[in-house]
Amino acid sequence: MMAVAGWRVWRRDGLNAARGAMMLFGLQLMLNMGWSVLFFGLRSIGGALAEIVVLLLAILATTLLFWQRDRIAGMLFIPYAGWVAFATVLNAALWRLN
Numbered sequence: 000m001m002a003v004a005g006w007r008v009w010r011r012d013g014l015n016a017a018r019g020a021m022m023l024f025g026l027q028l029m030l031n032m033g034w035s036v037l038f039f040g041l042r043s044i045g046g047a048l049a050e051i052v053v054l055l056l057a058i059l060a061t062t063l064l065f066w067q068r069d070r071i072a073g074m075l076f077i078p079y080a081g082w083v084a085f086a087t088v089l090n091a092a093l094w095r096l097n
């Protein structure tokens, strides 16, 4: 769904016109990978918690920018934002319990 959302924005506006939205899209992808490295690879629950909060903010910003350009693209990001919000709660609970 994320790939389709990015494709819709790119196709509608072109890379130059949607540069900011597409850069934010790329940033949230990198943050997503970074969370996995911190949480699973380095087993840094606190570091992963701080990172996932930034990731969630980046996802929400991407959702908003995509929504402004193409409502379907924005809607396609909503389940992802919900999942990461849930993962943030789980990460926080693990941090608190440890």
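Quick note: the sequence shown, position 84, residue 83 per numbering that gives the first Met the number 0, numbers continuous. We treat Cβ as the ideally placed atom computed from N, Cα and C, and that holds for glycine. What you are looking at is a predicted structure, and each value in this text was computed from that prediction instead of being measured.
Is it right to say Q67 is buried, meaning 16 or more other beta carbons lie within 10 angstroms of its own, or is it exposed?
-> exposed
L63 to G73, Cα distance in whole Å?
-> 7 Å
Helix or strand or just coil, what does DSSP make of S35?
-> helix
Is the distance from the Cβ of V3 to the Cβ of I51 below 8 Å?
-> no
Beta-carbon proximity of L54 to N31, cut-off 8 Å = yes
Go through its chain and collect everything with a Cβ distance to R9's Cβ below 8 Å, but skip five positions before and after it.
-> Rather than Arg, the amino acid found at residue 9 in this sequence is Trp. Taken in chain order, the residues that qualify are A17, M21.
Cβ-based burial, A47 [other Cβ within 10 Å; buried from 16] = buried
Can you name, in chain order, every residue of its own chain whose Cβ lies under 6 Å from the Cβ of Q27, other than the five neighbours on each side?
-> A57, I58, T61
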